[in-house]
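2 protein chains.
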Amino acid sequence: MKAYSELTLQERRDELAKLQKIYQDFHSRGLNLNMARGKPGKDQLDLVSDLLTVVSSADDCVDDGIDVRNYGNLTGIPSAKRLFAEILGTKPEEILVGGNASLNLMYDLISKAYTHGLLHSERPWSKEPTVKFLCPVPGYDRHFKISQSFGMEMIPVAMDENGPDMDKVEALVRDPAVKGMWCVPKYSNPGGIIYSDEVIDRIARLKPAAPDFALMWDNAYCIHDVFCDFIPFRDILTLCREAGSPDMVYEFASTSKVTFPGAGVGVMAASIDNQKYMESLLTVEIISYDKLNQLRHVRFLKDKDTTLALMKRHAQILAPKFSAVLDALEAEIAPLGIASWTKPKGGYFVSLDAMPGTAKRVVSLMKQAGVTLTGAGATYPLGIDPLDSNIRIAPTLPPVSELKLAMEILCVCLKIAALEKLGV
Amino acid sequence: MKAYSELTLQERRDELAKLQKIYQDFHSRGLNLNMARGKPGKDQLDLVSDLLTVVSSADDCVDDGIDVRNYGNLTGIPSAKRLFAEILGTKPEEILVGGNASLNLMYDLISKAYTHGLLHSERPWSKEPTVKFLCPVPGYDRHFKISQSFGMEMIPVAMDENGPDMDKVEALVRDPAVKGMWCVPKYSNPGGIIYSDEVIDRIARLKPAAPDFALMWDNAYCIHDVFCDFIPFRDILTLCREAGSPDMVYEFASTSKVTFPGAGVGVMAASIDNQKYMESLLTVEIISYDKLNQLRHVRFLKDKDTTLALMKRHAQILAPKFSAVLDALEAEIAPLGIASWTKPKGGYFVSLDAMPGTAKRVVSLMKQAGVTLTGAGATYPLGIDPLDSNIRIAPTLPPVSELKLAMEILCVCLKIAALEKLGV
Chain A
1 MKAYSELTLQ ERRDELAKLQ KIYQDFHSRG LNLNMARGKP GKDQLDLVSD LLTVVSSADD
61 CVDDGIDVRN YGNLTGIPSA KRLFAEILGT KPEEILVGGN ASLNLMYDLI SKAYTHGLLH
121 SERPWSKEPT VKFLCPVPGY DRHFKISQSF GMEMIPVAMD ENGPDMDKVE ALVRDPAVKG
181 MWCVPKYSNP GGIIYSDEVI DRIARLKPAA PDFALMWDNA YCIHDVFCDF IPFRDILTLC
241 REAGSPDMVY EFASTSKVTF PGAGVGVMAA SIDNQKYMES LLTVEIISYD KLNQLRHVRF
301 LKDKDTTLAL MKRHAQILAP KFSAVLDALE AEIAPLGIAS WTKPKGGYFV SLDAMPGTAK
361 RVVSLMKQAG VTLTGAGATY PLGIDPLDSN IRIAPTLPPV SELKLAMEIL CVCLKIAALE
421 KLGV
Chain F
425 MKAYSELTLQ ERRDELAKLQ KIYQDFHSRG LNLNMARGKP GKDQLDLVSD LLTVVSSADD
485 CVDDGIDVRN YGNLTGIPSA KRLFAEILGT KPEEILVGGN ASLNLMYDLI SKAYTHGLLH
545 SERPWSKEPT VKFLCPVPGY DRHFKISQSF GMEMIPVAMD ENGPDMDKVE ALVRDPAVKG
605 MWCVPKYSNP GGIIYSDEVI DRIARLKPAA PDFALMWDNA YCIHDVFCDF IPFRDILTLC
665 REAGSPDMVY EFASTSKVTF PGAGVGVMAA SIDNQKYMES LLTVEIISYD KLNQLRHVRF
725 LKDKDTTLAL MKRHAQILAP KFSAVLDALE AEIAPLGIAS WTKPKGGYFV SLDAMPGTAK
785 RVVSLMKQAG VTLTGAGATY PLGIDPLDSN IRIAPTLPPV SELKLAMEIL CVCLKIAALE
845 KLGV
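Residue numbers (my numbering), protein chains in the order written: chain A, 1 to 424; chain F, 425 to 848.
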């Protein structure tokens, strides 16, 4: 195989004709595959069936003297706070255990910033002329959708293998209209990179002009190592406290990809002052979250070691899926010099940069062939990837056999779109 | 027993001295009783233990072809929509099945009205110079707290045994700043009254000046009959649709007092257009609510008949508690002419009007004697009862023996406060 850039026009034409035939074969099979979202597969869900029955009698429902069936304990049951504090490396009193979705906790925080203001806000964000938010790119589409929904001005900040460009970030936070930043610090969505120690230190030491700057630390994949043992990760709450900004950070995590995506537990870690302030607002909104499900998780996950052992079993299921993606790209695409991609050691995604100007075309070709990918551009604010290059690959849901087939098709589509771009 | 108004000064002094001795006896017992909140008792929670195991295997988790363990189905699983539509008398497509708290759904709706506006809003409420809300009084403190938290101007509207004063309501909604009204139409909190057909018709036919007027129809006690069989209740969505205002109403209900208060399911019923609009906003906030818990409820509650049979068992537990309250008041207080109270046939509360100017004193005397009541004034906006008279009695949590004791003390406190007020 030669790099496409070295092909003559005729060679490109011959190659395209060959590929179009292969594509038509796939097309005619009427496939229906989905690699759009970071959904765990059925075999992962089956790992945790014992969660369903771990609390099964009225007597089981009492924990630390609390009857979890009844109202009360707005910020979560103590045992769940201890469990998640151990996993995240924070203190139990810094943990709010919420409902089934950390995304909901993030939205709620931003929403309350708009309607009531955060702890150090001079006024609710709805009263600010402009609210700007830093969006490391490529990033998580649902983060950007929250910002978009509230009418924020989103400022993209480039990511490399160490995290966001901190020179840029440090310059941007001097603007008091910049109210926060979205981060997925471990196994970033979609790149799968881990922020370096230096980047994390610089983030913790940020001195934003906005007194209510919200560092949205979405630690969604904190224990989601796939190709390696658990990689310890420093506690951002401690780092911010040591840097003199204890109330700047809100950390989020959930069991959506540990137990059940639809029926797990989401948590928010924040300084005690932030927690007190949030509790004063949350008490208006809800009497208590589902403590029964919190208790199920405590009894099932037990502690960090038991949880990490479960994550090893998830990894055994996920590793072949990530390998199917990476092996296909390595074999089929690497020699052609038409795309690059990340090689994450964990998380839920592979970030693929197709030849600039071809991402939309690739996703559309895939769709026509019956394979749904995350929309091109989704990893950028407003869905606009200026290079039309980035594609998020979510390999977790399909079985390996289907995934291999989908990757075959993807490689064909990447090639077709590249050849079209190069001119035929 | 003579009415206190007929006592001479000396008789009042003698009576007070006698009561103070009884009060001191109670006081010295170091009691710790709670009648503050509408919390079900343990025996009620034990009625529904089968909910814990009704979904107990991976196979159990598939419903209508949906694996409820995974992401998806933002607005709830179809079977849960059907169940709650049958109970409320609406259509399944008018139902959103949410998380564990209908209060959360109410707050979320109001919050979105402020940040994004409702379907027919000209602008988000945060951009309105003033937002006014109608608050039938006495009413539910948590409704008023939501309004207060968002800085609404709350307008109290008197209630009688038929519901809110509709002449007042019809006049007030001509003000375009009046954006909505809180209602608990069946077994109102705290009065326990059922809105009359005429009141409900007039509410459905309201023509508010605000195009985005939100009728917050909190049908929290829709199947919570205690001293009678299930009383059918007309579907407010149909009535509003027939009156030409299909999008004016948002109805809320939950299983908090059917299954587990902390781990039940909340629902919002609204027109299909409202549901579509809300879904467009909710999709930014959450991927899906806890469908596994929705499925538990579908499998356990089955249908309306089975649910009503369960409510009969709740009623058997609650009836003696309500009787303990009503009997004590009838025997000890009625002859004295110092208070009046409602005699609800269902719901969770008795509304007691103590002698004007004594409610705070009564609650404080109770507190000192070790019995916590809902704070005096809580049933009014901003916690201000202009007559300092209303006290909400929540008889459901304590066992009957404790409740009888608490009522003995309450009767003593009502008498002491009344005598102090009459002058001694």
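Positions of the beta carbon are idealized from the N, C-alpha and C atoms, including for glycine.
Beta carbon proximity, residue i to chain A, threshold 8 angstroms
i        : result
F/LYS681 : no
F/ILE696 : no
F/LYS745 : no
F/ARG547 : no
F/ILE711 : yes
F/PRO810 : no
F/ILE570 : yes
F/THR477 : yes
Beta-bridge partners of residue i, as assigned by DSSP
i        : result
A/TYR250 : A/MET216 and A/ALA270
F/GLY604 : F/PHE557 and F/ALA638
F/SER775 : F/ARG816
A/ILE155 : A/LEU134
A/LEU33  : A/VAL371
A/VAL62  : A/ASP67
Distance, residue j Cα to residue i Cα
i        : j        : result
A/ALA309 : A/ASP229 : 10 angstroms
A/VAL55  : A/ALA263 : 15 angstroms
F/ALA677 : F/MET692 : 7 angstroms
F/ASP589 : F/ALA739 : 30 angstroms
F/LEU760 : F/MET779 : 11 angstroms
A/ILE66  : A/ILE77  : 8 angstroms
F/ARG453 : F/GLN444 : 14 angstroms
F/THR803 : A/TYR140 : 44 angstroms
A/PRO136 : F/SER788 : 55 angstroms
F/GLU439 : F/ALA582 : 34 angstroms
A/CYS413 : A/ASP43  : 29 angstroms
A/GLN148 : F/ASP809 : 43 angstroms
A/ASN390 : F/GLN718 : 37 angstroms
A/ARG142 : A/ALA369 : 26 angstroms
F/LYS536 : A/ASN73  : 26 angstroms
A/GLU420 : A/ALA376 : 17 angstroms
F/ASP484 : A/SER57  : 18 angstroms
F/ASP488 : F/VAL602 : 43 angstroms
F/ILE511 : A/LYS276 : 39 angstroms
A/GLY393 : A/GLU330 : It is worth fixing the name first, because residue 393 of chain A is Ile in this sequence and not Gly. Those two C-alpha atoms are separated by around 15 angstroms.
F/ILE534 : F/LYS569 : 12 angstroms
F/THR679 : F/PRO822 : 20 angstroms
F/LEU431 : F/ILE446 : 20 angstroms
F/ILE840 : F/ALA427 : 14 angstroms
F/GLU585 : F/PRO819 : 21 angstroms
F/MET831 : F/VAL749 : 6 angstroms
A/LEU382 : A/ARG82  : 38 angstroms
CB contact check: residue i to chain F, cutoff 8 angstroms
i        : result
A/ILE393 : no
A/LEU410 : no
A/ASP46  : yes
A/TYR71  : yes
A/TYR250 : no
A/ALA331 : no
Within 8 angstroms, strictly: CB atoms of residue i and residue j
i        : j        : result
F/VAL689 : F/ASN524 : yes
A/PHE260 : F/ARG493 : yes
A/VAL424 : A/LYS345 : no
F/TYR772 : F/GLY513 : no
F/ALA638 : F/ALA667 : no
F/TYR713 : F/ASN698 : no
F/ARG720 : F/LEU475 : yes
F/LYS556 : F/ASP591 : no
A/VAL199 : A/GLY163 : yes
A/ASP388 : A/ALA359 : yes
A/GLU94  : A/SER323 : no
Just checking, does the segment 538–553 of chain F make contact with the segment 612–619 of chain F on the three C-beta pairs under 8 angstroms criterion? no
If we count Cβ pairs, one from each stretch, closer than 8 angstroms, do we get three or more for the segment 180–190 of chain A versus the segment 209–224 of chain A? yes
Touching by the beta-carbon criterion (3+ pairs, under 8 angstroms), the segment 704–717 of chain F and the segment 101–118 of chain A: yes
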